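Asks: In the numbering used here, the protein residues as written are 190 to 425.
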Amino acid sequence: HGGPTRETSASHMPSPPSPDASGSAFLDWASSAGVATSAAFLVEPTATEGFGAVAGERVSVGDILVTVPRASALAVFSLEEEMRQTTTSLAQSHALAYAACRVAAAPRGREPWVALWPATPEGTWGVEGDSWRAFDGDAFRELRRLHEEGEAAARAAHEKLPPDISWERFKLGVSIVTSRAADLVVSGERQPVLLPVIDLCNHRRGGEHNCAIVFEDDAQTTLTLPRHARTPVYLT
């Protein structure tokens, strides 16, 4: 679900705003945008990961929780021509990050969705300077190495963008893509896509997830595995 497989347990909904405020407006907006959700799909606070998606009742293998029309997704294949020309030389994750920056600045009807995007970088994108000293061990050293590689690539991509996109702004866009985007195979090519409602699902590493995304000609669909009611919904 998004660029490289993520192994973080960080929440994908920021603690503010509450689901009763922006969350309700978002779900109303999603419905008006053609996103269909099952009665079993709920958004609730979790014990350790902020807000996330949960199964409100028992569901069976193959049950559809959410269907998102292609027109409601934010993806490289749906970018306007001017934006597409700007991103032709970029990796798809960086192109989508640039698109997220533009949409965040001018939502054009997507305001309820954008309101739930994080306001500051998440995961390793929010760790800077001496803060890395809080981590220790080989696993964290490898995590930092991978992050530094990713940051170097992102900075190289940033140099190709219009001057009104600051590094801090682009870094937030990259963070949004790496923490919220789904990885889909479209026309034989794997690419990241931001999917409203589906991006509320928290993540687990491969083998620990309990639902999946299926790409169809005109929609994105999550399919579920058996679970008990009130069980969190996780994507890999």
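A virtual CB, placed ideally from N, CA and C, is assigned to each residue, including glycine.
Just so you know, these numbers come straight off a predicted model, no measurement behind them.
Have a look at L268 and T309 and give me their C-alpha separation to the nearest angstrom.
Replies: Taking the straight line from one Cα to the other gives about 24 Å.
Asks: Among residues of its own chain, excluding the 5 on either side of S264, which ones have a beta-carbon nearer than 6 Å to its beta-carbon?
Replies: For clarity, residue 264 is Ala in the given sequence; the question names Ser instead. Around A264: V382.
Asks: Just to confirm before moving on: does the CB-CB distance between L285 and V366 stay below 7 Å?
Replies: Yes, the pair counts as a contact, with Cβ atoms nearer than the cut-off.
Asks: Whose CA, out of G241, L332 and A229, lies closest to the CA of S249?
Replies: Nearest option by C-alpha distance: A229.
Asks: Going by beta carbon distance, what residues of the same chain come within less than 7 Å of S261, once the five residues before and after it are set aside?
Replies: Within the same chain, S261 has close Cβ partners A222, G223, V224 and P385.
Asks: Please return the same chain residues whose Cβ sits closer than 7 Å to the Cβ of Q281, not counting the five positions on each side in sequence.
Replies: So the qualifying residues of the chain are V265, Q380 and P381.
Asks: What residue ranges within the stretch 348-406 form continuous beta strand (DSSP E) runs of no fewer than 3 residues, ordered along the chain?
Replies: As far as the stretch 348-406 is concerned, its whole beta strand (DSSP E) runs of at least 3 residues are 371-375, 378-383 and 400-404.
Asks: Assuming L373 and F404 form a contact by the criterion Cβ under 8 Å, report the distance between their Cβ atoms to the nearest whole angstrom.
Replies: Contact flag correct, Cβ pair sits at about 5 Å.
Asks: So is W306 buried or exposed if we call it buried at 16+ other beta carbons inside 10 Å?
Replies: It counts as buried.
Asks: Is H283 closer than 7 Å to A341 when the C-beta atoms are compared?
Replies: No, these two residues do not count as a Cβ contact at 7 Å.
Asks: Check each candidate in R330, R247 and L279 and name the one with the smallest Cα separation from R344.
Replies: Among R330, R247 and L279, the Cα nearest to that of R344 belongs to L279.
Asks: Based on the DSSP secondary-structure assignment, which residues constitute the bridge partners of L332?
Replies: Per DSSP, none; premise fails for L332.
Asks: What separation, rounded to the nearest whole angstrom, lies between the Cα atoms of H336 and S355?
Replies: Distance between the alpha carbons of H336 and S355 is about 19 Å.
Asks: Thinking C-beta only, is F215 closer than 7 Å to P296?
Replies: No, these two residues do not count as a Cβ contact at 7 Å.
Asks: On the DSSP bridge assignment, give the partners of A225 in chain order.
Replies: DSSP output for A225 lists T256 as bridge partner(s).
Asks: For the alpha helix (DSSP H) containing R291, list its first residue and its last residue.
Replies: Counting along the chain, the alpha helix (DSSP H) containing R291 begins and ends at Q281 to A294.
Asks: Here's a check: name, in chain order, each residue in its chain whose Cβ is nearer than 7 Å to the Cβ of V303, leaving out the five neighbours to either side.
Replies: Counting only Cβ-Cβ distances below 7 Å, and skipping sequence neighbours, we find V292, A293 and P296.
Asks: Leaving out five residues on either side along the sequence, give the residues of the same chain with a beta carbon under 7 Å from the beta carbon of R299.
Replies: Contacts found: V292.
Asks: Does K349 pass the burial test, meaning 16 or more other C-beta atoms within 10 Å, or should it be called exposed?
Replies: Its Cβ having fewer than 16 others within 10 Å, K349 is exposed.
Asks: Tell me which same chain residues have a C-beta within less than 6 Å of the C-beta of E233, skipping the five on either side of it?
Replies: Within the same chain, E233 has close Cβ partners V243.
Asks: Would T277 and Y287 qualify as a contact pair, given that the criterion is a beta-carbon distance under 7 Å?
Replies: No, Cβ-Cβ distance for T277 and Y287 is not below 7 Å.
Asks: Go ahead and pull the three-state DSSP assignment for L268.
Replies: L268 falls in the coil class under three-state DSSP.
Asks: Are the Cβ atoms of W314 and R333 separated by less than 7 Å?
Replies: Taking 7 Å as the Cβ cut-off, W314 and R333 do not qualify as a contacting pair.
Asks: Would D388 pass as a contact of R369 if the rule is Cβ separation under 7 Å?
Replies: Yes, the Cβ-Cβ distance between D388 and R369 is below 7 Å.
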